[in-house]
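Right, one structure below, let's go through it.
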Amino acid sequence: MKTFKGLTLEPETAFRQIAAMIETGLIISVIDIEEKSDLGDCIFYLAKQYAEAAHDYAMENRK
1 MKTFKGLTLE
11 PETAFRQIAA
21 MIETGLIISV
31 IDIEEKSDLG
41 DCIFYLAKQY
51 AEAAHDYAME
61 NRK
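With UniProt numbering as the guide, the letters of the sequence shown map in order to residues 1 to 63.
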């Protein structure tokens, strides 16, 4: 099974994990500590990459 950085690309699980990543990024981004804002940005970027990989996987398996 193909994965993205060890995370499954199966849509049912990937969408839940992406949602959890976005929620985590939002929580971290509202913290007023400046060092944490970069962490939130990194989590959002990782979620974006994961979503793109899951999309590509779904399109490959659609054929």
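C-beta atoms are modelled at their ideal positions from N, C-alpha and C, and glycine is treated no differently. Quick caveat: nothing in here was measured; it's all calculated off a predicted structure.
With 16 other Cβ atoms within 10 Å as the buried cut-off, status of residue i
| i | result |
| --- | --- |
| A14 | buried |
| I27 | exposed |
| I31 | exposed |
| I43 | buried |
Spatially closest choice to residue i from the options, by CA coordinates
| i | options | result |
| --- | --- | --- |
| Y57 | P11, K5 and D41 | P11 |
Close beta carbons around residue i, own chain, < 8 Å, minus the five adjacent residues each side
| i | result |
| --- | --- |
| Q49 | F4 |
Other residues of its chain near residue i: CB distance less than 7 Å, five sequence neighbours each side excluded
| i | result |
| --- | --- |
| L39 | I28 |
| L46 | M21 |
Bridge-paired residues (DSSP) for residue i
| i | result |
| --- | --- |
| F4 | L7 |
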